[in-house]
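Novice:
Numbering (my numbering), first residue to last: 59 to 174.
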């Protein structure tokens, strides 16, 4: 299976970077985050609905190839998302939805590293 990066996958990778579950591919977060993550998973047709696990504040699914692909993209994050395009915008949107916020008219990321 040849995996190709899309804006939908970039968004999911952005969310997954800091809110990832210990198992599979998923996130831990509030209901809005989980809903956004699940809707992108369904839109990208990464798995069927019956294979999605929901536990407390986490949603995840298992797929070895996508897990390796997500890890690879994060390892190449600086090169992949260095340009102003739909992929970088989707990745930043995923980061913001996972760990971002707005306070007094200023936007912030609660977690970030030098690559972000």
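Where is the CB? At the ideal position from N, CA and C, for every residue including glycine.
(1) Can you tell me which of the three DSSP states residue 138 falls into?
(2) Since residue 118 is in the beta strand (DSSP E), which residue starts that stretch and which ends it?
(3) Once the 5 residues before and after residue 125 are set aside, which same chain residues still bring their CB inside 6 Å of it?
(4) Cβ of residue 112 within 8 Å of Cβ of residue 105?
(5) Which residues in the same chain have their Cβ closer than 8 Å to the Cβ of residue 71, if we skip the five residues on either side of it in sequence?
(6) Helix, strand or coil for residue 103 per DSSP?
(7) Mapping the DSSP letters down to three states, classify residue 61 as helix, strand or coil.
(8) Rounded to the nearest angstrom, how far is the Cβ of residue 85 from that of residue 116, given a contact under 8 Å?
(9) Starting from residue 152 and walking both ways along the alpha helix (DSSP H), at which residues does that stretch end?
(10) Would you kindly check if the distance between the Cβ of residue 118 and the Cβ of residue 64 is under 8 Å?
Specialist: If we stick to the structure as given:
(1) In the structure shown, residue 138 adopts helical secondary structure according to DSSP, grouped into three states.
(2) It spans 116 to 119 - the beta strand (DSSP E) in which residue 118 sits, taken as one unbroken run.
(3) Within its own chain, the residues whose Cβ lies closer than 6 Å to the Cβ of residue 125, once the five positions on either side in sequence are excluded, are 83, listed in chain order.
(4) The answer is no: Cβ separation not under 8 Å.
(5) Excluding residues within five positions, the ones whose Cβ falls inside 8 Å are 128, 131, 132, 149 and 152.
(6) If DSSP states are grouped into helix, strand and coil, residue 103 belongs with coil.
(7) DSSP places residue 61 in coil when its eight states are reduced to three.
(8) Contact holds; Cβ gap of about 7 Å.
(9) DSSP places residue 152 inside the alpha helix (DSSP H), whose first and last residues are 144 to 157.
(10) Contact annotation: residue 64 and residue 118 have beta-carbon atoms that are not nearer than 8 Å.
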